[in-house]
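Its first residue numbered 41, the sequence shown is counted upward by one per residue in our numbering. A virtual CB, placed ideally from N, CA and C, is assigned to each residue, including glycine.
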Amino acid sequence: MMKKRIAIIGAGPCGLSQLSALKNDAFDLICFERQSEWGGQWLYPYQNEADSSEEYIHSSMYRQLWSNGPKELVEYVDYTFDNHFGYSTPSYQPRSVVFDYLTGRAKNKNIRKFIRFQTVVHSVNNEQDIFKVTVEDLKTNIIEELTFDFVIVAAGRYATPNIPQFQGMKQFPGLVLHSKRFHDASKFE
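Below you can see the structure in the form of structure tokens.
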């Protein structure tokens with residue numbers, strides 16, 4: 041019997057969870073991540089030169105961000121913050137600590153081999169119970185269509201900013217900035 045092929049779109053916390061849960065001999069898994077590293081919203085994209093293209097940065101992360109949810113609500117049952125760091129940690133964590141934790145769990149689960157980094161998914165079409173997924177490798181610009189039995193969309197919901205238009209906005213001499221484009225407060229000091 042052939043293995044069921046599963047595509048996972050996104051290597052953030054949810055995509056990494058799906059990989060961890062499904063990585064066994066029963067499935068043929070491929071996770072597509074458009075950035076050069078896992079972590080989703082928790083990856084500070086400007087730390088990686090490969091992720092500097094604004095078109096493909098989907099994170100609204102900024103350098104000094106802290107989680108507004110306690111670790112006890114966001115940590116994995118099988119891999120706690122305290123397990124990861126080896127000691128008790130505060131409930132609220134800065135971005136870099138959350139990213140380190142996610143990285144630790146992903147390494148612990150040995151799931152990197154299933155992820156195709158710097159690969160963007162252009163379309164997913166279902167035809168007669170087969171999913172046709174069109175992807176582009178951003179390093180080579182090669183576009184290919186792959187087939188899967190199942191597709192899990194774990195790409196998050198913050199990819200496209202909603203920028204309302206106001207009369208006179210284009211004439212405003214100051215900086216008009218969506219929070220998605222805010223990455224560091226140093227230029228406002």
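- DSSP places residue 146 in the helix class (H, G or I) of the three-state scheme.
- The Cβ atoms of residue 47 and residue 186 sit closer than 9 Å to each other.
- In this structure, DSSP gives residue 193 an extended state, which the three-state scheme calls strand.
- Taking C-alpha positions only, residue 133 is separated from residue 161 by approximately 31 Å.
- According to DSSP, residue pairing for residue 187 in a beta bridge involves 172.
- For residue 69, no alpha helix (DSSP H) segment is defined; the enclosing uninterrupted segment is the beta strand (DSSP E) at 67-73.
- Taking one beta carbon from each stretch, the region 164-172 and the region 71-83 have fewer than 3 pairs nearer than 8 Å; the two do not touch.
- Straight-line measurement puts the Cα of residue 204 at about 17 Å from the Cα of residue 214.
- For residue 61, the enclosing alpha helix (DSSP H) has its first and last residue at 53-62.
- By the CB criterion at 9 Å, residue 135 and residue 82 fall inside the cutoff.
- Short of 7 Å from the beta carbon of residue 209, and not among the five residues preceding or following it, lie these beta carbons of its own chain, in chain order: 216.
- A direct Cα-to-Cα measurement between residue 152 and residue 195 gives close to 17 Å.
- With a cutoff of 9 Å on beta-carbon distance, residue 157 and residue 137 are scored as not near each other.
- Bridge partners of residue 159 according to DSSP: 177.
- Residue 155 sits buried, since 16 or more C-beta atoms from the chains shown fall within 10 Å of its C-beta.
- A distance below 9 Å separates the beta carbons of residue 141 and residue 115.
- Residue 129 and residue 184 have their C-alpha atoms roughly 44 Å apart.
- When secondary structure is reduced to three states using DSSP, residue 78 falls in the coil class, being assigned neither helix nor strand.
- Per DSSP, residue 44 is not a residue of any alpha helix (DSSP H); the beta strand (DSSP E) it occupies stretches across 44-49.
- Distances from the alpha-carbon of residue 118 to those of 45, 106, 101, 146 put 146 closest.
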